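In our numbering, the protein residues as written are 3 to 270. Working notes, beginning with the structure itself.
Right, dumping it as structure tokens:
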């Protein structure tokens with residue numbers, strides 16, 4: 003198996019264990035009660051990216067399958083809020099435990115610390131149960147990966163996400179994934195990392211940019227580390243730039259973000 007196949011196979015087992023612990027009916031009831039108490043819907047990640055002068059989605063990512071631990075001591079109660087304070091347009095928080103060292107509770111901790119900007123629930127979503135997990139923990143949007151899902155399943159998950167008040171970022175990597183583009187997600191993403199091998203090449207976004215629909219919110223994901231690359235990606239039509247390791251490898255991820263934004267401002 004390649005890395006993606008291994009992750010998805012484990013996700014099936016993990017989901018069953020989670021459902022045994024918190025049955026779907028119970029989780030759905032908790033989310034329904036939560037929505038009734040809310041005074042406003044989750045903030046729009048799409049709108050935040052379209053309105054932002056930088057479009058940076060700063061990611062809280064402690065570990066990866068290819069690199070191992072990046073920042074094992076990183077705290078979800080500290081770094082995401084620092085990202086917000088230093089100018090991130092939105093956040094991405096890894097919630098996969100085995101391969102990325104994440105938990106749903108990290109989104110709850112970020113919200114409790116004062117994060118109000120949109121948060122992407124970054125996981126390998128294969129079942130609607132996970133959409134309810136995302137909504138319950140305080141996410142604004144979910145990631146739907148074309149390589150993980152049959153097209154009809156992906157469309158069904160998108161519709162359910164919308165019913166829950168969540169937006170969806172559709173992640174594509176290669177030409178074969180563009181058959182999913184007509185399901186009309188809120189945001190269209192190009193992942194520069196091959197999820198089978200975890201090899202990263204930012205040229206993937208430049209290569210596929212012209213294939214993206216016009217007039218939609220588009221995101222380049224992974225492998226971005228300097229302001230010049232962001233500027234060039236913006237020139238070919240991208241609105242959002244998902245960056246994780248570049249920040250998380252630094253002693254102070256929030257300050258690393260602030261430094262990048264200062265460099266972008268100088269360029270403008």
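Ideal placement from N, C-alpha and C gives every residue a C-beta, glycine not left out. Computed from a prediction, not measured in an experiment: that's the story for all the values here.
Delimiting residues of the beta strand (DSSP E) encompassing residue i
{"i": "residue 221", "result": "219 to 223"}
{"i": "residue 62", "result": "58 to 62"}
{"i": "residue 1", "result": "Any answer about residue 1 is impossible in this case: the structure gives the chain only from 3 up to 270."}
Separation of residue j from residue i, as counted between CA atoms
{"i": "residue 197", "j": "residue 222", "result": "15 Å"}
{"i": "residue 112", "j": "residue 19", "result": "25 Å"}
{"i": "residue 232", "j": "residue 243", "result": "7 Å"}
{"i": "residue 279", "j": "residue 33", "result": "In this structure the chain extends from 3 to 270, so residue 279 is not present and cannot be described."}
{"i": "residue 31", "j": "residue 61", "result": "30 Å"}
{"i": "residue 210", "j": "residue 28", "result": "42 Å"}
{"i": "residue 118", "j": "residue 84", "result": "12 Å"}
{"i": "residue 40", "j": "residue 165", "result": "15 Å"}
{"i": "residue 135", "j": "residue 106", "result": "7 Å"}
{"i": "residue 55", "j": "residue 237", "result": "13 Å"}
{"i": "residue 122", "j": "residue 96", "result": "9 Å"}
{"i": "residue 115", "j": "residue 247", "result": "22 Å"}
{"i": "residue 184", "j": "residue 167", "result": "20 Å"}
{"i": "residue 37", "j": "residue 180", "result": "34 Å"}
{"i": "residue 101", "j": "residue 12", "result": "10 Å"}
{"i": "residue 8", "j": "residue 249", "result": "27 Å"}
{"i": "residue 35", "j": "residue 25", "result": "16 Å"}
N-terminal and C-terminal residue of the alpha helix (DSSP H) that residue i is part of
{"i": "residue 10", "result": "5 to 23"}
{"i": "residue 35", "result": "26 to 39"}
{"i": "residue 249", "result": "247 to 250"}
{"i": "residue 205", "result": "205 to 210"}
{"i": "residue 190", "result": "Not the alpha helix (DSSP H): residue 190 falls in the beta strand (DSSP E), residues 189 to 193."}
{"i": "residue 233", "result": "229 to 237"}
{"i": "residue 81", "result": "81 to 87"}
{"i": "residue 48", "result": "47 to 53"}
Close beta carbons around residue i, own chain, < 6 Å, minus the five adjacent residues each side
{"i": "residue 175", "result": "193"}
{"i": "residue 86", "result": "117 and 119"}
{"i": "residue 142", "result": "44, 45, 47, 120 and 121"}
Residue j beta carbon less than 8 Å from that of residue i
{"i": "residue 59", "j": "residue 265", "result": "no"}
{"i": "residue 169", "j": "residue 52", "result": "no"}
{"i": "residue 151", "j": "residue 144", "result": "no"}
{"i": "residue 5", "j": "residue 126", "result": "no"}
{"i": "residue 287", "j": "residue 109", "result": "Residue 287 lies beyond the stretch modelled for the chain, which goes from 3 to 270, so this question has no answer here."}
{"i": "residue 146", "j": "residue 187", "result": "yes"}
{"i": "residue 81", "j": "residue 256", "result": "yes"}
{"i": "residue 178", "j": "residue 159", "result": "no"}
{"i": "residue 260", "j": "residue 70", "result": "no"}
{"i": "residue 182", "j": "residue 219", "result": "no"}
Residues near residue i by beta carbon distance below 7 Å, same chain, minus five either side
{"i": "residue 207", "result": "192, 194, 222, 235 and 240"}
{"i": "residue 204", "result": "194, 225, 226 and 231"}
{"i": "residue 99", "result": "105"}
{"i": "residue 57", "result": "51, 91, 241, 242 and 243"}
{"i": "residue 63", "result": "72, 96, 102, 246, 247 and 250"}
Checklist entry - Where in the stretch 112 to 176 do unbroken runs of the alpha helix (DSSP H), each at least 4 residues long, occur, reported from the N-terminal end onward? => result 130 to 139 and 153 to 165
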